[in-house]
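Below is one structure, written out as structure tokens, with a few remarks after it.
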Amino acid sequence: MALKLFNTLARSVQEFVPLDSAGKKVGMYCCGPTVYDLAHIGNFRTFVFADLVRRYLVFKGYDVRHVMNVTDVEDKIIARVREAKMPLRDFTSQYEAEFFKDLQTLNCLLPHDVPHATDYIAEMIALIEKLIARGVAYKTADGSVYFSIEKYRGCGCHYGQLVKLNFDEMRVGERVSSDEYAKESLADFALWKARVPEDGDVFWPSPWGAGRPGWHIECSAMSMKLLGPSFDLHLGGEDLMFPHHEDEIAQSEGAGVQTAGQRFVKYWLHGAHLLVEGKKMSKSLGNFFTLRDLLAKGFTGTEVRYLLLTAHYRETFNFTLEGLQGARAGLKRIYQCLDSMRQLAQFAPMQKLELAPDIVGVQAFGVTTEPDRTFIGRFESAMDNDFNVSAAWGTVFEWVREKNRDLSSGAMSEKEASSNVHSLEMVLNVFGLRTATFETTSAFIKTDEASITLDDQGTPEPAMRLMFEREAARKAKDFKRADAIRDELKRLGWVIEDTPNGARLKRL
RNA sequence: GGCGGGGUAGCCAAGUGGUAAGGCACGGCUCUGCAAAAGCUGCAUUCGUCGGUUCGAUUCCGACCUCCGCCUCCA
1246 MALKLFNTLA RSVQEFVPLD SAGKKVGMYC CGPTVYDLAH IGNFRTFVFA DLVRRYLVFK
1306 GYDVRHVMNV TDVEDKIIAR VREAKMPLRD FTSQYEAEFF KDLQTLNCLL PHDVPHATDY
1366 IAEMIALIEK LIARGVAYKT ADGSVYFSIE KYRGCGCHYG QLVKLNFDEM RVGERVSSDE
1426 YAKESLADFA LWKARVPEDG DVFWPSPWGA GRPGWHIECS AMSMKLLGPS FDLHLGGEDL
1486 MFPHHEDEIA QSEGAGVQTA GQRFVKYWLH GAHLLVEGKK MSKSLGNFFT LRDLLAKGFT
1546 GTEVRYLLLT AHYRETFNFT LEGLQGARAG LKRIYQCLDS MRQLAQFAPM QKLELAPDIV
1606 GVQAFGVTTE PDRTFIGRFE SAMDNDFNVS AAWGTVFEWV REKNRDLSSG AMSEKEASSN
1666 VHSLEMVLNV FGLRTATFET TSAFIKTDEA SITLDDQGTP EPAMRLMFER EAARKAKDFK
1726 RADAIRDELK RLGWVIEDTP NGARLKRL
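1246 is the number of the first residue of the first sequence in the numbering used here; add one for each residue after it.
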């Protein structure tokens, strides 16, 4: 089955065919964070989507190289650095650390490369020199360098590939009075900005004098350095289409480094923004959420991730706390099913957060079981259709109901359970949601005629003791006592479930 | 003003020229000492409005209403 995706370049859905002649290697670049503040939930929608794309490509058998930049020099950062009176790196590294912490909470795989803009100044300068040499960039009197849209278009290049632009409204020769720089045309954009006093210590030497890079050049320089002048996928939020991505194309293709007939990027994917409670996020509306805000409300990264992955990436998504509550319930349903099947298949407790995105097989009874190909196939054809996660979840929930039915009627063998666990974990792994069951299940008492055994998964002593006491009370038909213990456990944050095989303790 | 994306049950959200997936919430039932979990079951004669094409449209076309995004700060 072939993956089809919406390529902004073509404004249509296209079959994904990697540039690699072997059809195996895939280069993927995602515009990363600008580290001047904590990232918000909207930013993470984009990064979680990128992570999904990567995981799905790996699932499809591709060898993916994922690059995500960190923008650590830029106007807003410089302004904040001045306020904070801190060295640039000290300032940006604190937000960068928080960003990666959040990314991990959301169970996003670390990109293979995380280039920092400030580490690639030399590459940017080299690229700018190439652009000047080819006549599509020019230096101004103050020592800045601009990209000339007019010259670029003059060489037969197309500016306006991702968005339709109306050049009649971008009159050449006009000046924006607020712009302190002297560029030839309004549409031109800065490749290199000459140093100004407000920049403080933030500047680098260059052939045109001290200064700092423009906003777009870093992505061109770093992506081409790490993935080559032509690569497969470039993703980012929809707002980056113009001007950021458009300018990236201009700079990268304007340098003439691609081989004939090749583009800078073959497929551009843009994720839609999200609204919070139906409105654009803003601090004054009180609907501005960082990940830590949501964690403080008692939600987990897993739940947030799941919610972000329930809607199609090209649709505006309305993020609400009510939705998050619903996400919790839905996810719980899936994990409950997985958990019961694991129990039946007698798997060892799940190991903590595993970062490898590929899952080859699940071990049970010393053998690797085969997944349910029908289910996986349904999931795959949904995802192949431009990452139609809603349809994919539909197949998952239908399958879960079917498995629950088998589970309760006793129609599922241990071996089938093992295969089903394998199947569900493969799918959950693509969503980056494979790892969370250990958060819910913690202890299980098996109550045979002869003995009581405990399958402990790190449950604290008091909860376990109460579970035993309740089990004893139930055997003695002292239900009043048993119910009192259940309430007590609830106060401690545990819910107890009586199953045909014994009691089970779960985190609330 | 230009360009683009939407409006599907209480909420979220797929989808198709042939009569509306899935999840959450809610109600009933089964199971249970009681619960929980799970299962079964009920829950949009209808897909923003009005026209048109068609044997048939939520799906195609047109107009309108409305929400949102981008138009050089922005995931």
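Even glycine gets a Cβ: it sits at the ideal position worked out from N, Cα and C.
Fair warning: this is a prediction, and the values are worked out from it, not measured in the lab.
Would you kindly report the start and end of the unbroken alpha helix (DSSP H) that includes residue i?
i       : result
Lys1528 : Run containing Lys1528: none; DSSP gives neither H nor E here.
Lys1660 : 1659 to 1676
Lys1346 : 1333 to 1350
Phe1189 : Residue 1189 cannot be examined here, being either before or after the span of the chain that is shown, 1246 to 1753.
Met1709 : 1706 to 1720
Cys1582 : 1566 to 1590
Cys1464 : 1462 to 1472
Leu1372 : 1366 to 1378
Met1628 : 1618 to 1629
Gly1516 : First-last for Gly1516: 1510 to 1516, but that is the beta strand (DSSP E), not the alpha helix (DSSP H).
Phe1304 : 1286 to 1304
Can you name, in chain order, every residue of its own chain whose Cβ lies under 6 Å from the Cβ of residue i, other than the five neighbours on each side?
i       : result
Asp1603 : Unreliable placement is indicated for Asp1603, whose pLDDT of 45 sits below 50; no coordinate value is reported for it.
Ser1468 : Tyr1274
Arg1416 : Caution is warranted here: a pLDDT of 40 is assigned to Arg1416, below 50, making its placement in the model unreliable, and the coordinate value is therefore given only provisionally. Here the set comprises nothing.
Phe1620 : Trp1644, Ser1668
Arg1587 : Val1666
Once you ignore the five residues that flank residue i on each side, which residues in its own chain have a CB closer than 7 Å to its CB?
i       : result
Val1612 : Because Val1612 sits at a pLDDT of 48, beneath the cut-off of 50, its placement in the model cannot be relied upon, and the following sentence gives the value as read from the coordinates. For Val1612, where only same-chain residues beyond five positions count, there are no Cβ hits under 7 Å.
Ala1466 : Tyr1365, Glu1368, Met1369, Leu1372
Gly1568 : Leu1552
Gly1523 : Asn1563
Glu1483 : His1515, Gly1516, Ala1517, His1518
Ile1730 : Leu1711, Glu1714, Arg1715, Ala1718
Gln1608 : Low local confidence applies: a pLDDT of 42 at Gln1608 is under 50, so the model's placement there is unreliable, and no value is given.
What is the rounded straight-line gap between the Cα of residue i and the Cα of residue j?
i       : j       : result
Gly1677 : Ile1370 : 38 Å
Arg1650 : Thr1640 : 16 Å
Ala1435 : Pro1278 : 20 Å
Lys1725 : Pro1705 : 24 Å
Leu1753 : Gly1738 : 5 Å
Trp1437 : Ser1389 : 5 Å
Asp1320 : Gln1503 : 30 Å
Asp1446 : Val1315 : 20 Å
Thr1545 : Leu1333 : 32 Å
Thr1535 : Lys1396 : 43 Å
Cys1276 : Leu1480 : 7 Å
Pro1474 : Tyr1512 : 14 Å
Leu1566 : Leu1376 : 49 Å
Gly1506 : Phe1632 : 28 Å
Gly1499 : Phe1624 : 41 Å
Leu1598 : Leu1539 : In this predicted model, Leu1598 has a pLDDT of only 29, less than 50, meaning its place in the structure is not dependable; the value taken from the coordinates is given anyway. Distance between the alpha carbons of Leu1598 and Leu1539 is about 20 Å.
Met1246 : Arg1457 : 47 Å
Ala1748 : Phe1476 : 54 Å
Identify the continuous beta strand (DSSP E) that holds residue i and give its terminal residues.
i       : result
Pro1458 : 1456 to 1458
Met1313 : 1308 to 1313
Gly1747 : 1747 to 1752
Glu1260 : 1257 to 1260
Met1246 : Met1246 -> no beta strand (DSSP E), and no H or E assigned at all.
Leu1539 : It is not in any beta strand (DSSP E) - Leu1539 instead sits in the alpha helix (DSSP H) that spans 1536 to 1541.
Output needed for residue i: all residues of its chain with C-beta closer than 8 Å, excluding positions within five of it in sequence on either side, in chain order.
i       : result
Tyr1551 : Ala1572, Gly1575, Leu1576, Phe1676, Leu1678
Pro1452 : Ile1370, Glu1374
Glu1733 : Leu1711
Asn1237 : Because the chain spans 1246 through 1753 in this model, residue 1237 falls outside it and cannot be assessed.
With distances taken from CA atoms, which of the options is nearest residue i?
i       : options                            : result
Leu1553 : Phe1261, Asn1252, Val1293          : Val1293
Met1671 : Ala1627, Arg1300, Arg1578          : Arg1300
Gly1655 : Thr1744, Thr1545, Ala1721          : Thr1744
Ser1798 : Tyr1512, Tyr1383, Leu1376, Arg1508 : With the chain running from 1246 to 1753 in the structure shown, residue 1798 is simply not present.
Leu1264 : Val1510, Gly1399, Thr1385          : Val1510
Asn1252 : Arg1623, Lys1528, Gly1516, Val1666 : Gly1516
Asn1674 : Gly1272, Val1298, Lys1735          : Val1298
Pro1616 : Leu1478, Glu1661, Val1359          : Glu1661
Ala1439 : Gly1531, Thr1385, Asp1335, Thr1614 : Thr1385
Thr1547 : Arg1537, Thr1350, Arg1618          : Thr1350
Leu1410 : Pro1450, Met1486, Lys1528          : Met1486
Leu1348 : Val1634, Arg1290, Met1331, Arg1379 : Arg1290
Report yes if the C-beta distance between residue i and residue j is below 7 Å; otherwise report no.
i       : j       : result
Glu1659 : Ala1556 : no
His1311 : His1357 : yes
Arg1710 : Ala1727 : no
Gly1287 : Met1526 : yes
Asp1492 : Ile1323 : no
Lys1428 : Tyr1404 : no
Leu1254 : Gln1496 : no
Ala1280 : Met1313 : The question names Ala, but residue 1280 is Val in the sequence shown. Against a cut-off of 7 Å, the Cβ pair of Met1313 and Val1280 comes out as no contact.
Val1258 : Lys1249 : yes
Leu1283 : Glu1341 : no
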